[in-house]
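Here is the structure we will look at.
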Amino acid sequence: MNDAVITAFAKRLRTARHVTVLTGAGISAESGIPTFRDAQTGLWSHFDPEELASPAGFARNPALVWRWYAERRVKACAAQPNPAHYALAELAQRVPQLTLITQNIDGLHQRAGSPDVIELHGSLHRARCMADGSVHTTWDYDEELPLCPDCGALLRPDVVWFGEMLPRVALETAWAATLDCDVFMSIGTSGVVEPAASLPRVALGRDATVLILNLEQTTAARPPLFTINGKAGEVLPQLVAAAFGA
Ligand code: NAD
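For the sequence shown, the numbering used here begins at 24 and goes up steadily by one.
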């Protein structure tokens, strides 16, 4: 079943003018990084996600929130990009234009060689000054409460928390790429949070061909909407090979 869909979608990819790709936590699952659902396990299972990822939670207990993000950052640094990340970097070389939008904060697309990744939810690898908003890519990782190297105010993880706006430029670029593309791919996202929920629909409304690739059972579809039920790390390399050769 998947093979027939892969063949048909690969054929469409060969003539694509602008491919826009949206990825979620599922694409990094095979790198050993837990998805949002899986992340609430073990040590952290007894914490409410809103305590760990909200401005109010950070105000109440910044040390706890920093500890959670520090652990996630260390895990992301230890993880390696998987074949799905590499396949997207390869695809960018093969099509005239590719825009890669991610909800992930792990930096694995960049490490796989994808340039200009649009990070909708920020990055584990950046911190932001609570006083002046300056962004830092290094800080004192051993500090329980890291401080801004410029002004000494408290730093916070440069990620988007519950209830916060997405970064304006990233969101505008994502919308523009969705409106412009002729092929749209949504990979490893549960698609319940905006704008992930809307982007595939918007692309379909503009007559783009749309692929939804997810591990979980997806509904049957017919062109211009394609769905594949499988692991991103297995399906994406197959797809790129079917479209452009190994
Ligand atoms: P999600 O956890 O809500 O959904 C992940 C989806 O990926 C699920 O639908 C699951 O079926 C699918 N999936 C799991 N393994 C897969 C695989 N191998 N191949 C294909 N699909 C697979 O994730 P989301 O939709 O990205 O939203 C969660 C939020 O949590 C986002 O805001 C994101 O920023 C954040 N988050 C990021 C990371 C990361 O940076 N890697 C990890 C966890 C959570």
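Even for Gly, the Cβ is constructed at its ideal location relative to N, Cα and C.
This structure is a prediction, so every number in the text was calculated from the model and none was measured.
Cβ neighbours of V263 within its own chain (closer than 6 Å, five residues either side excluded): A110, E113, L114. With a cutoff of 8 Å on beta-carbon distance, T232 and P223 are scored as not near each other. If you check the C-beta of S68 against ligand 1, you find no heavy atom less than 7 Å away. Per DSSP, the unbroken beta strand (DSSP E) holding R179 starts and ends at 178 to 182.
According to the DSSP assignment, G49 belongs to the alpha helix (DSSP H) that extends over 49 to 52.
Rounded to whole angstroms, the Cβ separation of A31 and F249 is 7 Å, and the two are in contact under 8 Å. The beta carbon of R96 lies closer than 6 Å to those of L147 in the same chain, with the five residues before and after it left out. At a Cβ-Cβ threshold of 8 Å, V44 and L121 count as neighbours. A direct Cα-Cα distance of roughly 16 Å separates W91 from D163. Excluding the 5 residues flanking it on each side, H159 has same chain C-beta neighbours closer than 6 Å at A150, in chain order. For G145, the uninterrupted beta strand (DSSP E) segment begins and ends at 145 to 152. Here the alpha carbon of E187 sits roughly 27 Å from the alpha carbon of N237. Separation of A265 and I29 (C-alpha to C-alpha, rounded to the nearest whole angstrom) is 7 Å. Taking C-beta atoms as the reference points, E94 and K254 fail to come closer than 8 Å. Under the DSSP definition of a beta bridge, E142 partners with T125.
For N127, the CB falls within less than 7 Å of some heavy atom of ligand 1.
Just measuring C-alpha positions, the residue of E142, P180, W89, A99 sitting nearest R191 is E142.
Contact annotation: R229 and L194 have beta-carbon atoms that are not nearer than 8 Å. Pairing G145 with D181 gives a Cβ-Cβ distance under 8 Å. Placement of the Cβ of K254 at a distance of less than 7 Å from at least one heavy atom of ligand 1 is found.
G55 sits exposed, since fewer than 16 C-beta atoms from the chains shown fall within 10 Å of its C-beta.
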